[in-house]
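>
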Amino acid sequence: MLKILGWSWSLGRLRGVDIRFHFSMLFSVPIAYYLFKPVDVRSTMEALLWVGGLLLFIFLHELGHTFAAQLVGVEVKSVFVWILGGLTNLAYKPEKPLHNLFIAAAGPLVNMLLAFLCVAAYILLYIIFLPYSNHVELFLWVQTFVNLFFSLAFLNIILIVFNLLPVYPLDGGNILHALMEMLFGKSNADWITLVISVPFLIVLIIFGFATRDYILLGFCVLIAFAVSSLNRNLLRKINLGVNYLFKRAGYYYLLGDYERAAQYFTREIESEPARLINNYLARASCYLLMTQSERALADIERVLKIEPNHAFALELRGEVYALEKNYDAALEVFARVQSINPHWAVPYFDRASIMLDRKEFQPALDELNKAVSFQGRMPLFYLVRSLAHFRLGDLESAHKDQNLAVQLSPEDTLVMADINLMLYEGNLDWAEDFYSRVLAKNPRDALALHGRADACRMNNEHDLAIGFYTRAIDIDPREARLYLGRGKSYLAINESEKATADFQKASTVTDKLHLKRQTEELLKVGSASHLT
Numbered sequence: 011m012l013k014i015l016g017w018s019w020s021l022g023r024l025r026g027v028d029i030r031f032h033f034s035m036l037f038s039v040p041i042a043y044y045l046f047k048p049v050d051v052r053s054t055m056e057a058l059l060w061v062g063g064l065l066l067f068i069f070l071h072e073l074g075h076t077f078a079a080q081l082v083g084v085e086v087k088s089v090f091v092w093i094l095g096g097l098t099n100l101a102y103k104p105e106k107p108l109h110n111l112f113i114a115a116a117g118p119l120v121n122m123l124l125a126f127l128c129v130a131a132y133i134l135l136y137i138i139f140l141p142y143s144n145h146v147e148l149f150l151w152v153q154t155f156v157n158l159f160f161s162l163a164f165l166n167i168i169l170i171v172f173n174l175l176p177v178y179p180l181d182g183g184n185i186l187h188a189l190m191e192m193l194f195g196k197s198n199a200d201w202i203t204l205v206i207s208v209p210f211l212i213v214l215i216i217f218g219f220a221t222r223d224y225i226l227l228g229f230c231v232l233i234a235f236a237v238s239s240l241n242r243n244l245l246r247k248i249n250l251g252v253n254y255l256f257k258r259a260g261y262y263y264l265l266g267d268y269e270r271a272a273q274y275f276t277r278e279i280e281s282e283p284a285r286l287i288n289n290y291l292a293r294a295s296c297y298l299l300m301t302q303s304e305r306a307l308a309d310i311e312r313v314l315k316i317e318p319n320h321a322f323a324l325e326l327r328g329e330v331y332a333l334e335k336n337y338d339a340a341l342e343v344f345a346r347v348q349s350i351n352p353h354w355a356v357p358y359f360d361r362a363s364i365m366l367d368r369k370e371f372q373p374a375l376d377e378l379n380k381a382v383s384f385q386g387r388m389p390l391f392y393l394v395r396s397l398a399h400f401r402l403g404d405l406e407s408a409h410k411d412q413n414l415a416v417q418l419s420p421e422d423t424l425v426m427a428d429i430n431l432m433l434y435e436g437n438l439d440w441a442e443d444f445y446s447r448v449l450a451k452n453p454r455d456a457l458a459l460h461g462r463a464d465a466c467r468m469n470n471e472h473d474l475a476i477g478f479y480t481r482a483i484d485i486d487p488r489e490a491r492l493y494l495g496r497g498k499s500y501l502a503i504n505e506s507e508k509a510t511a512d513f514q515k516a517s518t519v520t521d522k523l524h525l526k527r528q529t530e531e532l533l534k535v536g537s538a539s540h541l542t
């Protein structure tokens, strides 16, 4: 979308909002020519005014969303009008579903008012002016405007009906989601909206093929990606498929095979100099996820030499500082990122993580609330916020955030990435509260057992960790990280033979390069311990 926005013209600012028109709106002129087939001055004028009406109606529709958002206190960054409709770019999505309902409904309400005005103008011209237009030329001009207002009224009706289809992210889909969230909660609203959106989207696609409407089909592709965002697993599968076809490095990154992804990014660095910065940062992310801070830092510094104020590069630099426990430097970098991009959720989250480690719980909660307001579909944000609530003694809010995180993505919530395992340190009571609630519902939840084992291991409760790892392995014997975790706990209590057996097993069940390398290094440590 950022590239698309780059192909647009800014027409100025209205109430602090950047108004942009995309070059694709120029195609509305040949569309109008095709529809009206003008042969004289009057029909040409009718076609041009129809194009102007189309632009105006889309623009006013987006202004409806804009003013509604500003009324409920949400900042609007820009309004973007293009051939497929419009986009109101909110700084963040409101947490209250009633506010989302109000913002979503405002656009179609504007079109309803415009349709009424066009019908009123049509009736006025048809009943009052047309019968008394005795001069032939005047009669023809009045007839032209009668036809114009009729077509503009019909155009608004089409915009109303299309936008109110219960397909996310159309206005109707957003209205549906807001209503379902008010009735059934956020995660249930996601599922209900997804289930209702898909059949309507299929009908639109069939209609597009039947009518050979390629603009509609292109729009359906964009809608499909938006609909998939309602379900993280579905979105992940789509991303995997797209990346497998077009960007193999991204495919392995999404699979969690970070070493292999880094190798592909290295090839792209050598073969695609135009994308040098993006590939360096992608490779740095892989290194960080493998906790290889020095290699990550080298790539980050390369980017910062080229572009010193690159927000993502600075954010990664701050995360390296945080891993080194250099919190003052990390906070300074995160504050700099916030000044560059004040509506990006990640620096708020990273600042909160440092504050939690410093036991500054209320400031951490404030930062996490901002992060969630900017990006409401990140399960880790809710999980970490539950820790802040837990430390402040608000168990009800803590449990609510834990439940929401699990509902959004059990895989991302119950098992931490290696880079985030430090969250467990000193927080075993919170982790026990969280995982015991999950396991009370399903004692054979392998993910919860895995996460609980990791939490115990990070707090040196190795006997407990071994027990939970063993239970998880009985359920999921093909998960290499379980053997690695149990092996590390065995190693910590000097049972090197059992540790070596687990590391060897981990090596045989995984095909991820970084895990294989990790097992090789741990096997050397285990062998050395066994010899001593």
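The working numbering numbers the first residue of the sequence shown as 11 and each following residue consecutively. Just so it is clear, CB atoms sit at the ideal spot from N, CA and C, and this is done for glycine as well.
Less than 9 Å between the beta carbons of glycine 328 and proline 357, yes or no?
In this structure, proline 357 lies closer than 9 Å to glycine 328 by Cβ.
> Threshold first: 4 residues or longer. Then list the alpha helix (DSSP H) segments lying entirely within the region 29-93, N to C.
List check, alpha helix (DSSP H) in window: 38-46, 51-81.
> Do aspartate 428 and threonine 510 have their C-beta atoms within less than 9 Å of each other?
Their beta carbons are not under 9 Å apart, which means aspartate 428 does not touch threonine 510 by this criterion.
> Is it the case that the region 53-65 contacts the region 107-120, given that we only count it when at least three CB pairs across the two stretches are under 8 Å?
No, they do not touch.
> At the level of alpha carbons, what is the spacing between alanine 234 and leucine 150?
So the alpha carbons of these two residues sit roughly 46 Å apart.
> Which residue marks the beginning of the beta strand (DSSP E) containing asparagine 99, and which one marks its end?
Asparagine 99 -> beta strand (DSSP E) spans 95-100.
> Is the beta carbon of leucine 501 less than 9 Å from the beta carbon of alanine 482?
Cβ atoms of leucine 501 and alanine 482: not closer than 9 Å.
> Helix, strand or coil for tryptophan 354? Go by DSSP, reduced to three states.
Looking at tryptophan 354 - three-state DSSP - the assignment turns out to be coil, as it is neither helix nor strand.
> For serine 517, report the span of its alpha helix (DSSP H) as first-last.
It spans 506-519 - the alpha helix (DSSP H) in which serine 517 sits, taken as one unbroken run.
> Quick check: what's the CA-CA separation for phenylalanine 322 versus phenylalanine 391?
If I take the Cα positions, the gap works out to 18 Å.
> Taking the C-alpha atoms as reference points, what is the distance between leucine 193 and glutamate 406?
Answer to the nearest angstrom: the Cα atoms are 19 Å apart.
> CB isoleucine 170 to CB alanine 125, shorter than 9 Å?
Yes, the Cβ-Cβ distance between isoleucine 170 and alanine 125 is below 9 Å.
> Return yes when the Cβ of alanine 490 is within less than 9 Å of the Cβ of lysine 451, no when it is not.
Cβ atoms of lysine 451 and alanine 490: not closer than 9 Å.
> From phenylalanine 229 to alanine 345, what does the alpha carbon distance come to, in whole angstroms?
Going from the Cα of phenylalanine 229 to the Cα of alanine 345 covers about 38 Å.
> Looking only at its chain, what residues have a beta carbon closer than 6 Å to the beta carbon of methionine 11, apart from the 5 residues adjacent to it on each side?
Here methionine 11 scores only 44 on pLDDT, less than 50, and its place in the model should not be relied on; the value that follows carries that caveat. So the list is empty, once near-sequence residues are dropped.
> Please report the distance separating the alpha-carbon of valine 61 from that of glutamate 72.
For valine 61 and glutamate 72, the distance between alpha carbons rounds to 17 Å.
> Evaluate contact between the region 168-186 and the region 152-159, counting only Cβ atoms and requiring at least three cross-stretch pairs below 8 Å.
No, the region 168-186 does not touch the region 152-159.
> Would leucine 162 and asparagine 173 be called neighbours here (beta carbons separated by less than 9 Å)?
Contact flag unset, no.
> For valine 27, does the three-state DSSP call read helix, strand or coil?
DSSP places valine 27 in strand when its eight states are reduced to three.
> On the criterion of 16 or more Cβ atoms from any shown chain inside 10 Å, does lysine 515 qualify as buried, or is it exposed?
The residue is buried, with at least 16 neighbouring Cβ atoms inside 10 Å.
> Just how far apart, CA to CA, sit leucine 474 and alanine 465?
Approximately 10 Å, taken between the alpha carbons.
> How is leucine 10 classed by DSSP in three states: helix, strand or coil?
Absent from the model: residue 10. The displayed extent of the chain is 11 to 542, so no value can be given.
> Quick one: using the 10 Å Cβ neighbour count with 16 as the cut-off for buried, is asparagine 470 buried or exposed?
Per the 10 Å Cβ criterion, exposed.
> Along the chain, where does the alpha helix (DSSP H) containing leucine 492 start, and where does it finish?
490-502 is the span of the alpha helix (DSSP H), which, as asked, contains leucine 492.
> Out of Leu81, Leu393, Phe112, which has the shortest C-alpha to C-alpha gap to valine 544?
With the chain covering 11 to 542 only, the question about residue 544 has no answer from this structure.
> Tell me, please, which residues DSSP counts as bridged to serine 20.
Its beta-bridge partners are Arg30.
> Using the Cα positions of histidine 399 and leucine 111, report the straight-line distance between them to the nearest angstrom.
Cα-Cα distance, rounded: 28 Å.
> What's the C-alpha gap between glycine 195 and glycine 183?
Looking at the two C-alpha atoms, the distance is approximately 16 Å.
> Rounded C-beta distance between arginine 454 and phenylalanine 478? I'm assuming under 8 Å.
Not a contact, Cβ separation roughly 12 Å.
> Please name the residue, chosen from His524, Arg222, Val330, that lies closest to glutamine 273 on a Cα-to-Cα basis.
Per the Cα distances, His524.
> Do lysine 103 and aspartate 28 count as a contact pair if the criterion is CB distance below 9 Å?
The answer is no: Cβ separation not under 9 Å.
> What's the call for alanine 130, buried or exposed, on a 16-neighbour Cβ count within 10 Å?
Exposed is the call here.
> May I have the straight-line CA-CA distance separating glutamate 435 from aspartate 512, to the nearest angstrom?
One C-alpha to the other measures close to 24 Å.
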